[in-house]
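Numbering (this note's numbering), first residue to last: 483 to 707. Don't be surprised by glycine CBs; every beta carbon is placed ideally from N, CA and C. Just so we're clear, the structure is a prediction, and the values are computed from it rather than from any experiment. Report on the structure given below.
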Ligand code: SF4
Ligand code: SF4
């Protein structure tokens, strides 16, 4: 989820690249599952998350959406996020957290879960990682290389895709804003674009093979809606 905050208040003031060491290693979380609870709609998925989840679990995106995810509006654009569920006394627990407080989909968990307690800071058409100093309860974290921590194959290609996705969303959000203010039918147009966007990037299953090729092919498909 995008946030507009003063970096000095939430980070150690540094920005990190894939080869930098960062104090993010929470040592297998050691019995803590705090960041899998009470997260509201903040764990938003990107298309690679959907691909990884759907392929890893063998479940179609539309079924995942019905059972474990939900949709949220981010600056006019509809995006899927992990749905927090009520469990016993607790109001918000990730539907993938098991009874022992462990992630039941660890190999396929979304990018936001992988990088935590790192965040992404975007500027000038790219991004760097930053350490969220107040988010992780384990204050005795170890140092780890960023590429190792994010635990995703071909991390350079992945980062390039994440950056492209972020700025593509920004363009679409800007387009939607203009449509809404210029057109008296702005809302129906917004809905049309959002439905096409969801279908193209999240609901249409990705095939086995290279995800990135499929993603960029879909992005080239032309106008949405
Ligand atoms: S708060 Fe830190 S230690 Fe606790 S589950 Fe999250 S990452 Fe792990
Ligand atoms: S997907 Fe896994 S790591 Fe992410 S919030 Fe849910 S249980 Fe936690």
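Item, Value
"Between 550, 554 and 556, which has its C-alpha nearest residue 565's C-alpha?", "550"
"Please give the ranges of any alpha helix (DSSP H) in the region 499-574, keeping only runs that are unbroken, at least 4 residues long and fully inside the region.", "529-539 and 543-549"
"Does the region 555-570 come close enough to the region 495-510 to have 3 or more Cβ pairs within less than 8 angstroms?", "no"
"Can you check whether the CB of residue 507 is closer than 8 angstroms to the CB of residue 631?", "yes"
"Using a Cβ-based criterion (distance less than 7 angstroms to any ligand heavy atom), does residue 584 qualify as near ligand 1?", "no"
"Could you tell me if residue 531 is buried or exposed, where buried requires 16 or more neighbouring beta carbons within 10 angstroms of its beta carbon?", "buried"
"For the beta strand (DSSP E) containing residue 600, list its first residue and its last residue.", "600-605"
"Residue 508: beta carbon under 7 angstroms from a heavy atom of ligand 2?", "no"
"With 16 other CB atoms within 10 Å as the buried threshold, where does residue 695 fall?", "exposed"
"Check this for me: beta carbons of residue 611 and residue 602, under 8 angstroms apart or not?", "yes"
"Would you mind working out which of 682, 558, 552 and 584 sits nearest residue 662, comparing C-alpha positions?", "558"
"For residue 494 and residue 614, I'd like the C-alpha separation in whole angstroms.", "7 angstroms"
"When the Cα atoms are used, what is the spatial distance from residue 587 to residue 643?", "23 angstroms"
"Taking the DSSP output, what are the residues bridged to residue 609?", "604"
"Between residue 591 and ligand 2, is there a pair consisting of the residue's CB and a ligand heavy atom that are separated by less than 7 angstroms?", "yes"
"Helix, strand or coil: which one does DSSP assign to residue 585?", "strand"
"Thinking just about the alpha-carbon of each residue, which of 676, 688, 518 and 689 is nearest to the one in residue 705?", "676"
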